[in-house]
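Chemist: Sharing a structure, written as structure tokens. Questions coming.
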Amino acid sequence: MAHIEIRNLEKSFGDTPVLRGIDLTIERGEFIAVLGPSGCGKSTLLRIVAGLEAHDRGHILMDGRVVDGLAPKTRDVAVVFQSYALYPHMTVAQNLALPLVMRDLTRAERLPFVRYLSGRVRRTRADIRDGVARAASLVKIEGLLDRKPAQLSGGQRQRVALARALIRKPSLFLLDEPLSNLDATLRASTRAEIVQLQRTLGTTAIYVTHDQTEAMTMADRIAIMIEGRIVQVGTAREIYHRPTDVRAALFIGTPKMNLFDGTADNGAIRLAATGAVVVQATGARNGPVQIGIRPEHMVLVPEDPGDGIPVATTHREFLGSEALVHVAVGDGTQGTPAVARLDPDTADTMTVGRTAYARFRPGALHLFDGEGKCLDPDRHRPLSRIPSAFGQEDGASDAQPVPRIVGG
Amino acid sequence: MSTDASVADPISAAAVRPAAPPHLSNTAVGWGFVLPFLVLLAVFVLAPTAAVVVMSFTDWKLGEATISFAGFENYRALLTERVPRISAANTILYALMVTPLSVALGLWLAVLIEGSRLGRTVFRSACFLPVVSTTVAMAIVWEFLLHPTLGPVNSALLLAGLPPQRFLSDADLVLPTLAAIAIWENAGYTMVLFLAGLKSISGELYDAATVDGADRPWERFWTVTFPLLGPTLVFVVIIMLLRSFRVFETVATLTGGGPRRASEVMLFTIYQEGFQFFQIGYASAITVIFVLFLLVLTLVNFRLMDRTVHYK
């Protein structure tokens, strides 16, 4: 397992900048997900860490040693590719053996007849066979060793690719969207298996994906990457509850965080659509702001409680354990669209086409400035103190009904 | 009601009418499409082949009015006479020189061009030029290049302190010289086929090989490139074998089968027997045997190579 440090990494393809100064530290044995939309540069970052691509500026350190310009095999990394990249002409056993053959045998010793001349080569070949058997049993593909990749299902190929990556016991795993070619059920079970495997081996892992579910369920920490920059690094909970950037806030969570235009006016945050003051934030500079709230933190009631914001109910979706109510805020049905996640019984009291009333819990609001940076000066406060609309989040008992934005 | 509607509304009635007249079944329409091809195949391939087979059992001479059945006489002559045997041996020797070297050179050029960053199009076109130019015209250029006294090749040999050679009139040199010309011509062809094959190899496989430690050019070639070119290789080898067995133009224009039959090859023998000595029956017998040989060779080749090659 390795400690990885990426310092101010930059990369351009021609005139197109792909990575614009990446800083990221990955602890020994950590499983980190690099999450971002396609084209954000996450695969390029992975290829640069692997040594398959050269970077323009910055450094990569493994265990304190600069590895810039080193060949992939000397970096001691293993990659699981999106397409699995199994050698189609080799059996599964040969596919798994290749990394060991290339590492443990010299060029002359690899020649086919040499094993009959040298006892050392025979012993090494026997060790490689044992290694193949061990790796195969780790991912439960012992019965497939004599098959060719074309005779395997997608899930089996994926396991072979995993086994080939772990066979050398590398100090760093790099996984490039390894689940994207699997069907939904298989993806869910393989997610858990990969995490277990990584825990058992204790190998540091970088997992690149555009799927927030994968990132949130698998990784110790997530690095959100957008347009060649890492906008936030943290655990799934941290990013979900405390997004530091509006793009990170929008990327994590389904349905997306609701976002409204607003203004800060001497500490009063007003909703642009209705003019209602939703929260007092004395720290906010006067000017335009964006007000974000997660669907589950938006409370809807059919009758005006007095301080409610009138919204037009446009659509209702029943999902079993919960229901989503789509509304438009301000300007009738043409207002800013928003979604509230309610329990089905509450949702049933809302009628499509009628006006409902929304309340934003001040403690659950996210405020972003014109550049999309979080306005909350207090964002490093422990998570346990985040109040929740339904009182179901952990630590809700000691949650205090204070507005998140306080002076300073 | 429905009949009324279709009568009253001729447009919709026309729209629902089937494309083919109802008395023509699907089978008939199918045959209709295939027929032109079948006629052409029969007229230009099957009938001439049958005619050659029939003529191989006769003693017909070109221009003669009489024709009589000769049984296996032509085939007996074929087995006992000297010229067909020399011709067959030369053709096989020639094919064994041309095929492996054209394939190897084409593969080398393709990998080299695919790997180079600069001038890909230029090199590709340059290597393909011999393929698109007329062999007979090129043969004349080669004749000049290899001329015993005026040719630049011999001048180069002299400059290098080596004795000049009579490339096309030395019995030991003539077949290798013709083979070299063919390799020069074929390499561009095999190169283009291999380039197409190389394009279909996924870049992730090379990345995987690099990470797995196979990162030297030679290791990459043996781990990824060569095995994945397998299907292309089978195709190219068979095409090259057939092409080299059909060698004719260079022999006809440069050597006429000489010196002392050292460059006598099958097609040239057939041509001479049939159209210069007018022995159509005999030439037909050689043709039949030659075609059967090529057919068997191709099938055997396909079987052998197919077993060792991986298809996706």
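Chains A and B, in that order, give the protein sequences.
FYI, in our numbering the residues of the first sequence are 996 to 1403.
FYI, in our numbering the residues of the second sequence are 83 to 394.
C-beta: ideal position from N, C-alpha, C; glycine also.
How many angstroms separate the CA atom of B/R385 from the CA atom of B/V318?
Modeler: If you take the alpha carbons of B/R385 and B/V318, they lie about 15 Å apart.
Chemist: Along the chain, which unbroken stretches of the alpha helix (DSSP H) at least 4 residues long are found entirely within the region 127 to 188 of chain B?
Modeler: Here the runs fully enclosed are 129 to 137, 155 to 162.
Chemist: Tell me whether A/M1097 sits in a helix, a strand or coil according to DSSP, three-state version.
Modeler: Three-state result, A/M1097: helix.
Chemist: Going by Cα to Cα distance, which pick from A/V1013, A/M996, A/A997, A/G1009 is closest to A/N1003?
Modeler: When only C-alpha atoms are compared, the closest one is A/V1013.
Chemist: Should A/Q1191 be labelled buried (16 or more other beta-carbon atoms within 10 Å of its own) or exposed?
Modeler: Classification for A/Q1191: exposed.
Chemist: For the alpha helix (DSSP H) containing B/D289, name the first residue and the last one.
Modeler: Per DSSP, B/D289 belongs to the alpha helix (DSSP H) from 285 to 293.
Chemist: With DSSP collapsed to three states, give me the class of A/A1307.
Modeler: A/A1307 falls in the strand class under three-state DSSP.
Chemist: Does DSSP put B/C449 in a helix, in a strand, or in coil?
Modeler: With chain B running from 83 to 394 in the structure shown, residue 449 of chain B is simply not present.
Chemist: Nearest to A/T1249 by alpha carbon, out of A/L1100, A/I1288, A/L1140?
Modeler: Nearest of A/L1100, A/I1288, A/L1140 to A/T1249, Cα basis: A/I1288.
Chemist: With 8 Å as the threshold, decide whether the Cβ of B/D141 is near any Cβ in chain A.
Modeler: It does not; no Cβ of chain A falls within 8 Å.
Chemist: Considering only C-alpha positions, which residue in the set B/S198, B/F151, B/A132 is nearest to B/F139?
Modeler: Taking only the C-alpha atoms, the option nearest B/F139 is B/F151.
Chemist: Using beta-carbon positions only, say whether A/R1242 and A/R1015 come within less than 8 Å of one another.
Modeler: No, they are not a contact pair.
Chemist: Taking CB distances under 8 Å as the criterion, tell me whether B/P309 reaches chain A.
Modeler: Yes, its Cβ sits closer than 8 Å to a Cβ of chain A.
Chemist: Taking 8 Å as the limit between beta carbons, can you name the residues of its chain near B/P245, skipping five residues before and five after?
Modeler: L239, listed in sequence order.
Chemist: My output table needs one value for A/Q1285: the three-state DSSP class, helix, strand or coil.
Modeler: Looking at A/Q1285 - three-state DSSP - the assignment turns out to be strand.
Chemist: Tell me the residue span of the alpha helix (DSSP H) that contains B/I265.
Modeler: Unbroken alpha helix (DSSP H) run through B/I265: 256 to 281.
Chemist: Answer yes or no: do A/R1356 and A/V1306 have a C-beta to C-beta separation smaller than 8 Å?
Modeler: The answer is no: Cβ separation not under 8 Å.
Chemist: Alpha carbon to alpha carbon, how far is B/S215 from B/F249? Give it in angstroms, no decimals.
Modeler: For B/F249 and B/S215, the distance between alpha carbons rounds to 22 Å.
Chemist: By DSSP, does B/F330 sit in helix, in strand, or in coil?
Modeler: Three-state DSSP puts B/F330 in coil, outside helix and strand.
Chemist: How close, in whole Å, do the beta carbons of A/Y1352 and A/I1286 come, if the pair is a contact with beta carbons under 8 Å?
Modeler: Incorrect: roughly 17 Å between the Cβ atoms, too far for contact.
Chemist: Just checking: is the beta-carbon of B/V293 within a distance shorter than 8 Å of some beta-carbon in chain A?
Modeler: Chain A, which has a Cβ nearer than 8 Å to the Cβ of B/V293, makes this yes.
Chemist: Our contact map puts B/V180 next to B/S366 with C-beta atoms below 8 Å; I'd like the distance itself, whole angstroms only.
Modeler: No, B/V180 and B/S366 are not in contact; Cβ-Cβ is about 26 Å, not under 8 Å.
Chemist: Thinking B/A159 and B/A253 are a contact (beta carbons under 8 Å), I'd like their distance in whole angstroms, please.
Modeler: About 25 Å separates the two Cβ atoms, so there is no contact after all.
Chemist: For the 8 Å Cβ check, are there 3 or more pairs between the region 1145 to 1163 of chain A and the region 1172 to 1182 of chain A?
Modeler: Contact holds: three or more Cβ-Cβ distances are below 8 Å.
Chemist: Just how far apart, CA to CA, sit A/D1018 and A/L1140?
Modeler: Approximately 41 Å, taken between the alpha carbons.
Chemist: At a Cβ cut of 9 Å, what residues of the region 1042 to 1066 of chain A count as close to chain B, listed as they run along the chain?
Modeler: If the cut-off is 9 Å between Cβ atoms, the region 1042 to 1066 of chain A has R1042, A1045, G1046, L1047, A1066 near chain B.
Chemist: Locate the beta strand (DSSP E) running through A/A1333, then write down its first and last residues.
Modeler: 1331 to 1337 is the span of the beta strand (DSSP E), which, as asked, contains A/A1333.
Chemist: Report the residue from B/A110, B/R206, B/Q361, B/S282 whose alpha carbon sits nearest the alpha carbon of B/E155.
Modeler: Nearest C-alpha to B/E155: B/Q361.
Chemist: Strictly by DSSP, which residues pair up with A/S1033?
Modeler: None; A/S1033 has no bridge partner.
Chemist: How many angstroms separate the CA atom of A/T1198 from the CA atom of A/I1027?
Modeler: The alpha-carbon atoms of A/T1198 and A/I1027 are separated by roughly 11 Å.
Chemist: Can you tell which of A/L1254, A/N1281, A/N1253 has its C-alpha closest to the C-alpha of A/I1264?
Modeler: Nearest option by C-alpha distance: A/N1281.
Chemist: How big is the Cα-Cα spacing for A/D1125 and A/A1088?
Modeler: About 11 Å.
Chemist: Would the region 264 to 271 of chain B count as touching the region 1061 to 1073 of chain A if we require 3 or more Cβ pairs under 8 Å?
Modeler: Counting Cβ pairs under 8 Å, fewer than three are found: no touch.
Chemist: Is the Cβ of B/A261 closer than 8 Å to any Cβ of chain A?
Modeler: Chain A contact via Cβ: absent.
Chemist: So B/G312 contacts chain A; which residues on that side make the cut at Cβ distance below 9 Å?
Modeler: The answer, in chain order, is H1084.
Chemist: At a cut of 8 Å, does the region 1251 to 1263 of chain A reach the region 1044 to 1059 of chain A through at least three beta carbon pairs?
Modeler: No: fewer than three Cβ pairs fall under 8 Å.
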